[in-house]
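Notes follow once the structure below has been shown.
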Amino acid sequence: MVSFFLAVTVNFLLPRLMPGSAISTLLVELEGAQGGFAASGTSSLFIQQEVKQLEVAFGLTPQPWPVQYVHYIEGIFTGNLGVSILFYPTSVAHVIFSSIGWSLGLVFVSSIIAFFLGSWLGAVGATRRRGKADTTLVIAASILAAVPAFVILMYLEMGLSVNVGIFRISFPTNVGMTPKGVYNLVDFYTLPVLGLMLSLLSGFVLGMRNNMLHTLKDNYVFYAEALGFRDKTVRKMVYRNSMLPNVTGFALSLGLAISAALTVEGLLSIPGAGYFFGLALTSKDLPLLQGFFFVIILMLLISIAVVEMVYTAIDPRVRLGGSQ
Amino acid sequence: MSSDILTKVRKTLFANRFLTAGIVLVLIDLAIGIVGRVWTPYPPGADFGISQPPSLAHLLGTDEFGHDVLSEMMYDTLPTLIVGFGVGLSIALISTVIGLVSGYYGRKVSGVVIDVLTTTALTIPGVVLLVVIGAYFRTASESLGYLVIVFALAITGWAFGAKQIRSQVLGLANREYVLASKMLGEKWYRILFTQLLPPILPLTVAQFLFGTLYGILSLVTAEYWGVLAATTNNLGTMIAFIAANAAYLSNQWWWILGAILPIIILGGGLGCLNLGLDEFIDPRLKVVEPEVPLKDIELPIDQGTVVVKAEQRKVKTR
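These protein sequence lines are chains V and L, in that order.
Each residue of the first sequence is one higher than the one before, starting from 17 at the first, in my numbering.
Each residue of the second sequence is one higher than the one before, starting from 70 at the first, in my numbering.
Spelled out as structure tokens, the structure:
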């Protein structure tokens, strides 16, 4: 709860420290669109007045920060996050909730595949340490960790969409629960999911491998082996005990869904939360940015809470204060 | 005397082929970066025909602006690497200290404070902090540019690792040997350094490796959304141009390759380091060759002998 307020406050302050006003940015864009609008001598004064008026309309500048802050906290609890500047007159809440499903779906599917595949590959690597499979795995995973998901996606789209034409490259217009709509979605989403999965995978592979290597040398493993447990049984025990960091990784990757989807959705113009977050960021749409911060904080705090619960289920030793 | 130390250093650095390969790859990358700042095949801004595939004159082709991709790549590598290593080092340090302390103290007051800090840091979007801090410091001093980026990414990036390390320390802190030394009245810092730190060192190294990659990744993301100054020259800006011109739609694979080749080399190098550092971090992982060669054993039984071959007695390695 404390960290919730702290984070919410920091996120209240951050966008306000950002240079440049959203409305002037917007006006500059409009200006460019209308062409030569700014050329006349009186226009700069006119624009300044316009900015002031609009800022009053959006409730941005005239009030001192503490007043704004009270409004902000009030808005969080009443679900009233204000009106987006970029998509005026759509409300921030509407922009976020109509788009977040796409990002959550994309990241959830990618990270669940990455979690299971990565944990398994990591375990395989750890049991065959320094073998050919292990070496290839670690180096490939490290390279994938460094290359951004959207660059991996660029190559995937280039190979499979542009050249071979298996998957569609732009977000389908006809989506929904009809067979055709679902087919369209699968057709489009295969590559983004694959690309994001590959870039998430490395964390799970390396985390599992490194952790399991050391657990494998623990005394209880030798003990279990000496007792004559089968290799498979022993490996299962070690696997379970090495999983903790990966569980954290999984929950956090869900909590960070919007940030993770940022570039992938930006590249392909998927109308998801990541895409709109990016737009809000570049156009300094303050109310929208703040709304996104709030949702990101909420999702992260929930996922962290879930992690703590899962920990106690998987590893009873972690139970805090259990020893007293 | 000094040659002794040198030999020792050399022996440690080149203890196994993975470590050697890792160091060599990272050094190659650094060399590309440093050379690129002094010499490139063509001046980075020189104009040639646009979008030419690789040829002998242009090993990595030219981009849509008619610039030589190889020259651009070499020129842009060093800042990218500096940001990466800076972020990696800071994250490894911060996350280890905080993970250790908060894990050890569990639910006590200081632990709660650190918990709150961790959670807060985790929720601040790094890219946004980058913009804010960047904008403030750029006016103060242009030359601080990349330092600011490292600072912003370190502040927002340590929490993930700290949480991982903390979860590991939580498991360790309740183990018998730690409880035993607590009861024997061992000082808290001795317990932290001698009993809790060694087993989590592998995670620290992992934080460095991941932090470096995270630094580069965030830099690219930030550049992609254009939140940093457009005047900077790094692989991120290069990739941003690639995305903006949708080079993947027109099959310009060489342009994309040029932008990520140094990142791939670095990733490969860090992967090798990861493999090679295993046994330094945890000496139990050292593959021990038996000093005396194993011989076949002959066991006499009632009728004849049973021979246990030497290769069957090999020490099991995992």
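Think of the CB as a built atom: it goes at the ideal place given N, C-alpha and C, for glycine as much as any other residue.
Just so it is clear, the structure is predicted and the values come from calculations on it, not from any experiment.
What do you get for V:A242, buried or exposed, if any count of 16 or more other CB atoms within 10 angstroms of its CB means buried? exposed
So, L:L342 versus L:G153, is the Cβ gap smaller than 8 Å? no
Quick check: is any heavy atom of the ligand COA less than 7 Å from the C-beta of L:A90? This structure simply doesn't include the ligand COA, nor any ligand for that matter.
Across which residues does DSSP place L:V376 in a beta bridge pair? L:E367
Within the same chain, show all residues whose beta-carbon is closer than 6 Å to that of L:N303, passing over the 5 residues directly before and after it, in chain order. D145, P148 and T149
Within 7 Å of chain V by C-beta, residues of the segment 316-342 of chain L in sequence order: Y317, L318, N320, W322, I325, I329, I332, I333, L335, G336, G337, L339, G340 and C341
Nearest candidate by alpha-carbon position, reference L:I329, set L:V138, L:S72, L:V93 and L:T89: L:V138
Beta-carbon proximity check, L:A242 vs L:G172, cutoff 8 Å: yes
Please name the residue in L:Q233, L:L354 and L:L335 whose C-alpha comes closest to that of V:P327. This sequence places Tyr at residue 327 of chain V; Pro is not what is there. Comparing Cα-Cα distances from V:Y327 to each of L:Q233, L:L354 and L:L335, the minimum goes to L:Q233.
Taking L:M143 and L:I101 to be in contact with their CB atoms under 8 Å, please state how far apart those CB atoms are, rounded to whole angstroms. 6 Å
Using a Cβ-Cβ distance under 8 Å, would V:F131 count as near chain L? no
Could you round the C-beta distance between V:A267 and V:S119 to whole angstroms and report it? I think they count as a contact, below 8 Å. That pair is no contact at about 16 Å.
Which residues does DSSP list as the beta-bridge partners of V:V99? V:S107
If you follow the alpha helix (DSSP H) that V:K233 is in, where does it begin and where does it stop? Element bounds for V:K233: n/a, residue is neither H nor E.
Which residues, taken in chain order from the segment 227-261 of chain L, show a beta carbon closer than 8 Å to some beta carbon of chain V? F229, K232, Q233, S236, Q237, L239, G240, N243, R244 and L248
Under 8 Å Cβ-Cβ, which residues of chain L neighbour V:L260? S236, Q237 and G240
Quick check on this structure: which residue in V:L229, V:K252 and V:S275 has the alpha carbon closest to the alpha carbon of L:F349? V:L229
Are there 16 or more other CB atoms within 10 angstroms of the CB of L:A249, so buried, or fewer, so exposed? exposed
Give every residue of the same chain whose Cβ lies closer than 8 Å to the Cβ of V:V26, excluding the five residues on either side of it in the sequence, and list them in chain order. none
Use the C-beta contact count for L:D365: other C-beta atoms within 10 angstroms, 16 or more gives buried, fewer gives exposed. exposed
Work out the CA separation of L:F262 and L:S164 for me, nearest whole Å. 15 Å
Are L:V280 and L:I160 close, meaning C-beta to C-beta below 8 Å? Looking at the sequence provided, one finds Gly at residue 280 of chain L rather than Val. Yes. Within cutoff.
Between the beta-carbon of V:L270 and the beta-carbon of V:L169, is there less than 8 Å? no
For L:P267, which residues of its own chain have a beta-carbon under 7 Å away from its beta-carbon, when the five flanking residues on both sides are left out? none
Span of the alpha helix (DSSP H) around V:V178: Here V:V178 belongs to no alpha helix (DSSP H), and DSSP marks it neither H nor E.
When L:T81, L:A316 and L:G373 are compared against V:G175, the one with the closest alpha-carbon: L:A316
Can you list the residues of chain L that V:V322 reaches, using a CB-CB cut of under 7 Å? Going along chain L, no residue has its Cβ under 7 Å from V:V322, so there is no contact; the nearest lies around 13 Å.
Would you say V:G282 lies against chain B (beta-carbon separation less than 8 Å)? The structure shown has no chain B; the protein chains it does contain are V and L.
Following the continuous alpha helix (DSSP H) through L:M142, name the residue where it begins and the one where it ends. V138 to Y174
For my contact list, L:V282 and V:A277 are in at a C-beta cut-off of 8 Å; report their separation, rounded to the angstrom. The residue you asked about is not Val; residue 282 of chain L is Leu in the sequence shown. That pair is no contact at about 19 Å.
Secondary structure at L:T189, three-state DSSP: helix, strand or coil? helix
Note down, one range per segment and in chain order, each alpha helix (DSSP H) of at least 4 residues found wholly within the segment 278-320 of chain L. 304-313
With 8 Å as the limit, tell me which residues of the segment 282-312 of chain L have their beta carbon closer than that to any beta carbon of chain V; keep them in chain order. L282, I285, L286, V289, T290, Y293, W294, G295, V296, I308, I311 and A312
Just checking, does the segment 269-276 of chain L make contact with the segment 198-214 of chain V on the three C-beta pairs under 8 Å criterion? no
Just the C-alpha distance for V:I155 and L:T225, rounded to the nearest angstrom, thanks. 27 Å
Is it the case that the segment 91-102 of chain V contacts the segment 217-229 of chain V, given that we only count it when at least three CB pairs across the two stretches are under 8 Å? no
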